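Going line by line, the protein sequences match chains L and A. As numbered in my numbering, residues 14 to 120 make up the first sequence, in order. As numbered in my numbering, residues 8 to 123 make up the second sequence, in order. Built from N, CA and C at the ideal position, the CB exists for glycine as well. This one's a predicted model, so the numbers in the text were calculated from it and none came from an experiment. Here is the structure we will look at.
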Amino acid sequence: GIQVEQSPPDLILQEGANSTLRCNFSDSVNNLQWFHQNPWGQLINLFYIPSGTKQNGRLSATTVATERYSLLYISSSQTTDSGVYFCAVETGNQFYFGTGTSLTVIP
Amino acid sequence: DGGITQSPKYLFRKEGQNVTLSCEQNLNHDAMYWYRQDPGQGLRLIYYSQIVNDFQKGDIAEGYSVSREKKESFPLTVTSAQKNPTAFYLCASTLKDSPSSYNEQFFGPGTRLTVL
């Protein structure tokens, strides 16, 4: 199956700092999503972004499908941004998840 | 409100018992999925179903079974054959864009299963 790699695996930020999370995938995909898993385990949809750039408040994402990567930007981070960020790609009627980036934002 | 519900939230099981986890969606989504998440890990696909009365195995189907008798329901049974069933189980659903691709995937709140 397709390989999905996320980096960095762990990230610690001071509140107010900016960060970039990366997702690389090994083959062509139909769709790509970014999720935030909160401390209670709920997966929250951030972006559905098979290609191009989208913005939602302090978060934005860019997917370059031809080069097989996606980036998630978090600006002016807040403690509530803490948690694990996953990217997932869809191909062949299945979704494949990366291993996540664990983000801790300290006040 | 539209969404995906999972029950129970927490489940405790003795070794050797089968248990069934519920997943219901009222989004009129075509496909439904079950994932397993172990501490500090990503999500691994157990089973998925694209239409009623049809389902396919994912990467870790051994020791699990599913049914899809109704479009809105996709229960997962963790059988006694599953060697290490303690984990967090997540159900998801999505609309079908075309015969070969799917739209945005949405998740339920999950069930934490502990085997005593």
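Bridge-paired residues (DSSP) for residue i
{"i": "residue 87 of chain L", "result": "L/32, L/72"}
{"i": "residue 42 of chain L", "result": "None; residue 42 of chain L has no bridge partner."}
{"i": "residue 37 of chain L", "result": "L/18, L/82"}
{"i": "residue 150 of chain A", "result": "Only positions 8 to 123 of chain A appear in the structure, and residue 150 of chain A is not among them; the question remains open."}
{"i": "residue 44 of chain A", "result": "A/50, A/95"}
{"i": "residue 103 of chain L", "result": "L/44, L/108"}
{"i": "residue 11 of chain A", "result": "A/32"}
Minimum C-alpha distance to residue i - residue among the options
{"i": "residue 85 of chain A", "options": "A/79, A/16, A/45, A/96", "result": "A/96"}
{"i": "residue 138 of chain A", "options": "A/20, A/94, A/82", "result": "Because residue 138 of chain A is not part of the residues shown, which for chain A are 8 to 123, the question remains open."}
{"i": "residue 55 of chain A", "options": "A/25, A/98, A/47, A/28", "result": "A/98"}
{"i": "residue 79 of chain L", "options": "L/17, L/25, L/42, L/119", "result": "L/42"}
{"i": "residue 59 of chain A", "options": "A/72, A/36, A/43, A/51", "result": "A/36"}
{"i": "residue 21 of chain A", "options": "A/102, A/110, A/116, A/92", "result": "A/92"}
N- and C-terminal bounds of the beta strand (DSSP E) containing residue i
{"i": "residue 79 of chain L", "result": "Where residue 79 of chain L is concerned, there is no enclosing beta strand (DSSP E), given that its DSSP letter is neither H nor E."}
{"i": "residue 23 of chain L", "result": "23 to 27"}
{"i": "residue 119 of chain L", "result": "114 to 119"}
{"i": "residue 52 of chain A", "result": "50 to 56"}
{"i": "residue 124 of chain A", "result": "Nothing can be reported for residue 124 of chain A: it is not among the residues displayed for chain A, which extend from 8 to 123."}
{"i": "residue 122 of chain A", "result": "118 to 122"}
{"i": "residue 73 of chain A", "result": "71 to 73"}
{"i": "residue 85 of chain A", "result": "83 to 85"}
{"i": "residue 58 of chain L", "result": "56 to 61"}
{"i": "residue 62 of chain A", "result": "Neither: residue 62 of chain A is in no beta strand (DSSP E) and is coded neither H nor E."}
Exposure label - residue i; buried when at least 16 CB within 10 Å
{"i": "residue 19 of chain A", "result": "exposed"}
{"i": "residue 53 of chain L", "result": "exposed"}
{"i": "residue 43 of chain A", "result": "buried"}
{"i": "residue 39 of chain L", "result": "exposed"}
{"i": "residue 17 of chain A", "result": "exposed"}
{"i": "residue 38 of chain A", "result": "buried"}
Between the segment 77 to 94 of chain L and the segment 46 to 60 of chain L, can you find at least three pairs of beta-carbon atoms closer than 8 Å?
yes
Taking three-plus beta-carbon pairs below 8 Å as touching, is the segment 18 to 32 of chain L in contact with the segment 110 to 120 of chain L?
yes
Relative to chain B, which residues along the segment 73 to 97 of chain A have a C-beta separation below 9 Å, given in chain order?
Judged by its chain identifiers, the structure shown contains no chain B, and its protein chains are L and A.
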